[in-house]
Each structure stands twice: as structure tokens, then as C-alpha cells.
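Structure first, commentary second.
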Amino acid sequence: RTVPAGAVICRIGEPGDQMFFVAEGRVSVATPSPVELGPGAFFGEMALISGEPRMATVSAATAVSLLSLHSADFQMLCSSSPEIAEIIRKTALERRGAAPMA
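If you're matching positions, the sequence shown starts at 209 in this note's numbering and goes up one per residue.
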């Protein structure tokens, strides 16, 4: 899906049933220490792993092309490709450790 610059992709507190991969462009993750992610990066994984609501609002810093992975597909990926699942889980844990706990 293509998202124009400035558009909100997901909001803090919303339920999350998919994660996103940045194919082109950049997204801005609104956290106490804002972060920009570019091509090859992913976000939204924590909602799939933990079942908790979104932990940050993410918007398109530039026009961005995103690929999405829905919850059911994420579970299949975890079963069929444990090494990829481990990379996603490790990144989620690192991000959770960097985020302030509410």
C-alpha cells in the first residue's frame, strides 16, 4: 500500500492485527525519542507478539510504500521460518527495552 507524506499509518493505543515493512520512503515513529525508519525496516510487530495495543503512532515522513503482514500470516511465518521469527522477536524486545514502561 502507498501512503502519502504526513498520513498516519497507526496510532498509539489502537489494536494491532498487522505489522508493516517499509519498501520505499521513510516513516516517523512518535516516541519520547522519535525515530525514522527507512527501506527494509519494519514496525508494528509488538502488537502481534504481545497482543497489546499499539505502543506508538507511526506516520509517513515521506511518501512511503508499505508491505503488511497480518496476524494469521505472522503466526504461519513463525512456524515455518523460526529464524525470521527470532529476528522479529529480538527487535521487538530491544524496542520494548528502549521504550518507557507506562
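For every residue, glycine included, the Cβ atom is placed at its ideal position computed from N, Cα and C.
For residue i, the nearest candidate out of the options (CA to CA)
| i | options | result |
| --- | --- | --- |
| Arg209 | Ala293, Cys286, Lys298, Ser273 | Ser273 |
| Gly259 | Glu291, Ala300, Pro247 | Ala300 |
| Pro247 | Gly221, Ala231, Glu294, Ile292 | Ala231 |
Beta-carbon spacing of residue i, residue j below 8 angstroms
| i | j | result |
| --- | --- | --- |
| Val235 | Ser276 | no |
| Thr270 | Arg219 | no |
| Met227 | Leu245 | no |
| Pro261 | Gly224 | yes |
| Phe282 | Phe250 | no |
Exposure of residue i, with buried meaning 16 or more beta-carbon neighbours within 10 Å
| i | result |
| --- | --- |
| Ile217 | buried |
| Met284 | exposed |
| Glu252 | Checking the sequence shown, residue 252 turns out to be Gly, not Glu. By the neighbour-count rule (16 or more Cβ atoms within 10 Å), Gly252 is buried. |
Residue i - DSSP class collapsed to helix/strand/coil
| i | result |
| --- | --- |
| Glu241 | Looking at the sequence itself, residue 241 is Ser, so the reference to Glu does not match. Three-state DSSP puts Ser241 in coil, outside helix and strand. |
| Met227 | strand |
| Leu275 | strand |
| Ala268 | strand |
| Glu232 | strand |
| Ile292 | helix |
| Ile257 | helix |
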